[in-house]
Amino acid sequence: MANFAIDSKDNRTYDAIVIGSGISGGWAAKELCEKGLKTLVLERGRNVEHIKDYPTTNMMPWEFDHRGQIPEEIQKANPVISRCYAFHEDTEHFFVKDTDHPYVQDKPFDWIRGYQVGGKSLLWARQVQRWSDYDFEGPARDGFAVDWPIRYEDIAPWYSHVEKFAGISGNKDGLDNLPDGEFLPPMDLNCVEKYFKEKLETQYSGRNLIVARCAHLSEPQAIHLEQGRGQCMNRNLCQRGCPFGGYFSSNSSTLPWAMKTGNMTLRPNAVVQSIIYDEEKGKATGVQVIDAETKESIEFYAPLIFVNASVLHTNTLLLNSKSNRFPEGLGNDNGLLGKYVAFHIYRGKISAAYDGELDNTTVGRRPTSGYIPRFRNVYKQETDFLRGYASGFGARRHIERDYDGIGQSLKDNLLNPKWGNWRVNSHMMGETIPKETNTVSLDPTQTDEWGMPLLKINVDYDDNDEKMIQDFFEQFTEMYERAGFTDIQTRDTGQAPGLDIHEMGGVRMGKDPKTSLLNKWNQLHACPNVFVTDGASMTSTSTQNPSLTYMAFAARAVDYAVQEKNKLNL
Numbered sequence: 017m018a019n020f021a022i023d024s025k026d027n028r029t030y031d032a033i034v035i036g037s038g039i040s041g042g043w044a045a046k047e048l049c050e051k052g053l054k055t056l057v058l059e060r061g062r063n064v065e066h067i068k069d070y071p072t073t074n075m076m077p078w079e080f081d082h083r084g085q086i087p088e089e090i091q092k093a094n095p096v097i098s099r100c101y102a103f104h105e106d107t108e109h110f111f112v113k114d115t116d117h118p119y120v121q122d123k124p125f126d127w128i129r130g131y132q133v134g135g136k137s138l139l140w141a142r143q144v145q146r147w148s149d150y151d152f153e154g155p156a157r158d159g160f161a162v163d164w165p166i167r168y169e170d171i172a173p174w175y176s177h178v179e180k181f182a183g184i185s186g187n188k189d190g191l192d193n194l195p196d197g198e199f200l201p202p203m204d205l206n207c208v209e210k211y212f213k214e215k216l217e218t219q220y221s222g223r224n225l226i227v228a229r230c231a232h233l234s235e236p237q238a239i240h241l242e243q244g245r246g247q248c249m250n251r252n253l254c255q256r257g258c259p260f261g262g263y264f265s266s267n268s269s270t271l272p273w274a275m276k277t278g279n280m281t282l283r284p285n286a287v288v289q290s291i292i293y294d295e296e297k298g299k300a301t302g303v304q305v306i307d308a309e310t311k312e313s314i315e316f317y318a319p320l321i322f323v324n325a326s327v328l329h330t331n332t333l334l335l336n337s338k339s340n341r342f343p344e345g346l347g348n349d350n351g352l353l354g355k356y357v358a359f360h361i362y363r364g365k366i367s368a369a370y371d372g373e374l375d376n377t378t379v380g381r382r383p384t385s386g387y388i389p390r391f392r393n394v395y396k397q398e399t400d401f402l403r404g405y406a407s408g409f410g411a412r413r414h415i416e417r418d419y420d421g422i423g424q425s426l427k428d429n430l431l432n433p434k435w436g437n438w439r440v441n442s443h444m445m446g447e448t449i450p451k452e453t454n455t456v457s458l459d460p461t462q463t464d465e466w467g468m469p470l471l472k473i474n475v476d477y478d479d480n481d482e483k484m485i486q487d488f489f490e491q492f493t494e495m496y497e498r499a500g501f502t503d504i505q506t507r508d509t510g511q512a513p514g515l516d517i518h519e520m521g522g523v524r525m526g527k528d529p530k531t532s533l534l535n536k537w538n539q540l541h542a543c544p545n546v547f548v549t550d551g552a553s554m555t556s557t558s559t560q561n562p563s564l565t566y567m568a569f570a571a572r573a574v575d576y577a578v579q580e581k582n583k584l585n586l
């Protein structure tokens, strides 16, 4: 990292500041730097450089002290993070432990965080499905949130922009409820997944099974090779950090690209405490930063600020950015900051057995799955709950071992495993309804080690969610039965919100400053030189994995902001 001269305001002044280096922050940095703006990127966590700082990426199972498992004492000390699917011995260095940064749970909420350069872009599940007009029009049709200020046609070119650079494997499926994109060759469905696809699509209208689109370089193009990235090797060890750059992350793609322009300054270990608002100028002028290691307070300045701190940290930062003009938080004239937080329902799971295709099995580690786009309430309201759910779908054969016997007979049994029947599995991704009662706020008395108020989270399920979960069980049980699957088992995990890692909202977009915080350009209505382009800006959640939409919003907002800056409007 470069040395920093911070003894004068001039040395601490930039054309733009980006808060956060994760998926959306990396895109904001790339776009700003490409457009010639000297950009400071602030990251609260430690520095992580591509390849160099992936300590476990090439380790074998026997090289881990606990064969990849987290010791019981660490699990007990960190019950929240231990529930995350990706928290294992090979990835624990990329996660924030519960004990490292506590928060207040008015209601149970599993807050999954990654404090490092690249954020959770090192850990994400890499699923990238576009939204359609049915998603953007949903609130206006159903009346469950304020109307989105944009439609699909506004964001479609920016989906294409980020897909080409990031590299997306997918198939042209021709579905109006899940628009096609700029795709590299798709991964393939296996034989049982193809069987279920055929049964599903012949027995139902509007229900489809596709291979999920994912941010993997199945066939790198020139733009990806120029980034220094290579083909995905299907190791499916992505959460360790990929030494090939086979999947998209800020560390392998956008941040090095921004650095290459000569316009980016990266400062890790920089906890942004507040955005500085100048009462006379009527705009934000910079940020107040606490050095995470020395606890020193430093100010940095820029006429353009992009907030991409991740959803709940973005809410915390804006709530803590108080002034005479904004006593309840920056831009919070309507009192809605921190409200209408929503998430995705991942509680519903269903599995079954299939006794066909016994002359086939699977080989390799495909880094994606099948995907069933939302089919409930798409074209009209047809259920007693609002909105709907998408679902993953996968099939594989399991090896059965006989543990009976003693001595040689036991050895013979263990050394001669047999293939069992196929098992199929689905999990739901349901859309929750943004509600004013789902909130985050600042604790009035407790602070963290950097002097920031602890975040209070008050988010919960509602009756609409419960009805949706039951419908998922009913519909998938029926679909499984029609496909000839047996031993059908449904399971409600009962997990708290947050474990989906798809929390959204609190600083939502909208048309009216009375009912929203941001306009159609992700720009604060009341402080127009501040842009929020992470998940905090989302008006509703839809059912698709959201990261692709965050990336597109970030690129689109930068393009607009730079144009406005050049016109002297900011």
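Numbering-wise, our numbering comes out as the position in the sequence shown, counting from 1, plus 16. Ideal Cβ positions, reconstructed from N, Cα and C, are used throughout, including at glycine.
The DSSP assignment places complete beta strand (DSSP E) segments of no fewer than 3 residues inside the segment 506-534 at 520-522, in order along the chain. Of all alpha-carbon atoms in A161, R157, K136, S176, the one lying nearest the alpha-carbon of Q145 is that of S176. F125 has no beta-bridge partner at all, per DSSP. Residues D106, R256 of the same chain have their beta carbon placed closer than 6 Å to that of T72, with the five preceding and five following residues left out of the count.
Counting along the chain, P450 sits inside no beta strand (DSSP E), nor does DSSP assign it H or E at all. A Cβ-Cβ distance of about 14 Å is found for the pair G130 and N324, leaving them out of contact under the 8 Å criterion. It is roughly 46 Å from the alpha-carbon of F547 to the alpha-carbon of T218. Around the beta carbon of M468, 16 or more other beta carbons lie within 10 angstroms, which makes this residue buried.
For A172, the secondary structure class from DSSP, reduced to helix, strand or coil, is helix. S24 counts as exposed, since fewer than 16 other C-beta atoms from the protein chains shown sit within 10 angstroms of its C-beta. Nearest to N63 by alpha-carbon distance, out of P272, N27, D170, is P272.
Using a C-beta cut-off of 8 Å, the segment 185-193 makes contact with the segment 387-396, since at least three inter-stretch Cβ pairs fall below that distance. Taking a contact as a CB-CB distance under 8 Å, the pair I184 and A231 counts as one, their CB atoms being some 6 Å apart. Nearest Cα to Y168 within the set S558, L586, N585, A577: S558.
Note on Q424: under 16 other CB atoms within 10 angstroms of its CB, so exposed under the neighbour-count rule. The beta carbon of C49 sits closer than 6 Å to the beta carbons of T55, A274, T277, N279, M280 from its chain, once the five residues preceding and following it are set aside; these are given in chain order. Residue pairing from DSSP places Y387 in a beta bridge opposite I226, G408. Between the segment 369-376 and the segment 336-345 there are fewer than three inter-stretch CB-CB distances shorter than 8 Å, so the stretches are not counted as touching.
Nearest in C-alpha terms to N336, of all of A238, V287, T493, is V287. By the Cβ-count criterion, I485 is buried, with 16 or more other Cβ atoms from all chains shown falling within 10 Å of its own Cβ. H240 is classed as buried because its beta carbon has at least 16 other beta carbons within 10 Å across all chains shown. In the DSSP assignment, E315 falls within the unbroken beta strand (DSSP E) covering 313-317. Sequence-distant Cβ neighbours of A573 in its own chain, meaning closer than 6 Å and more than five residues away, are W537, N538, F547, T549. In this structure E235 is in contact with P201, their Cβ atoms being roughly 5 Å apart against a cut-off of 8 Å.
The beta carbon of N545 sits closer than 7 Å to those of K299, A300, P319, L320, I321, L586, all from its chain and outside the five residues before and after it, given in chain order. Three or more beta-carbon pairs drawn from the segment 355-368 and the segment 499-514 are found closer than 8 Å, and the two stretches are therefore classed as touching. In terms of CA proximity to F80, E108 leads the group F152, S326, E108, Y387. The beta-bridge partner set that DSSP reports for F547 consists of F322, Q539. Looking only at T115, F125, F110, the smallest Cα-Cα distance to G135 is reached by F110. For the pair A552 and T330, the CB atoms are nearer than the 8 Å cut-off. Between D114 and P87, the CB-CB gap reaches or exceeds 8 Å. Between the segment 430-445 and the segment 395-413, the count of C-beta pairs closer than 8 Å reaches three or more; the two stretches touch.
In the structure shown, G436 falls within a strand segment according to DSSP collapsed to helix, strand and coil.
Between the segment 383-391 and the segment 220-229, the count of C-beta pairs closer than 8 Å reaches three or more; the two stretches touch. Put simply, the backbone Cα of N350 is about 7 Å away from that of T531. Less than 8 Å divides the Cβ of D122 from the Cβ of K472.
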